[in-house]
Every structure is written in C-alpha cells, then in structure tokens.
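Have a look at the structure below, then the notes.
Numbering (this note's numbering), first residue to last: 37 to 129.
See below:
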C-alpha cells in the first residue's frame, strides 16, 4: 500500500488530520477559552429564528392562520407548556 492510499503523507496521517479538524476555533480572553465556532453557529441560528418569528408576527392574522403562522404558534405554545411544567412561579415578563 502506498503512503497516499494509507493517508500517510508528509503532513502526518489520517489521525492527525482528524484531530486537527475536531479542535475548536477558540480564543483566550482573561484566562477563559471562548469557542468562536460555537458562538458563531449560535448567533446565526438565533438570528434566523428571530427573523422567522418577526416575519410571521408581522403577517399574523386573527382569522385562519397560514401554515408558517400555525407552526410559529405551535412552537410558542410548546415552549410555554415546557416552562409551565418546569417552573411553577409567575411566568409573566
């Protein structure tokens, strides 16, 4: 078996390649590690979710809801029921 087939190239090997790509993109601030890749994904998903909720709130009708509006209402009711089951105090904002 040649080195190219086994993954043994001048850079190390398959194990080194996999370990290199499994590490986090991190920065150290005041002695704490911040994983920037996790922050970036969380911000993108949060922004997309906020845009979806905002767009459907602007299009909401009191009559028959559209499919996206019904989906958003189901998500809000699901989250509210989870909070109600977990936290028995006052849930108002």
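Here a beta-carbon is modelled for each residue, glycine too, at the ideal position from N, C-alpha and C.
If you follow the alpha helix (DSSP H) that residue i is part of, which residue opens it and which one closes it?
i           : result
residue 107 : 103-122
residue 10  : Outside the modelled stretch of the chain, which goes from 37 to 129, sits residue 10, for which no answer is possible.
In terms of residue numbering, what span does the beta strand (DSSP E) encompassing residue i cover?
i          : result
residue 65 : 62-65
Quick one: is residue i buried, meaning 16 or more other Cβ sit within 10 Å of its Cβ, or exposed?
i           : result
residue 81  : exposed
residue 108 : buried
For residue i and residue j, which I take to be in contact (beta-carbon distance under 8 Å), what is that distance rounded to the nearest angstrom?
i          : j          : result
residue 77 : residue 70 : So it is not a contact: roughly 13 Å between Cβ atoms.
Pick out whichever of the options has its Cα sitting closest to the Cα of residue i.
i          : options          : result
residue 73 : 85, 128, 58      : 58
residue 92 : 104, 100, 99, 84 : 104
residue 75 : 121, 67, 85, 60  : 60
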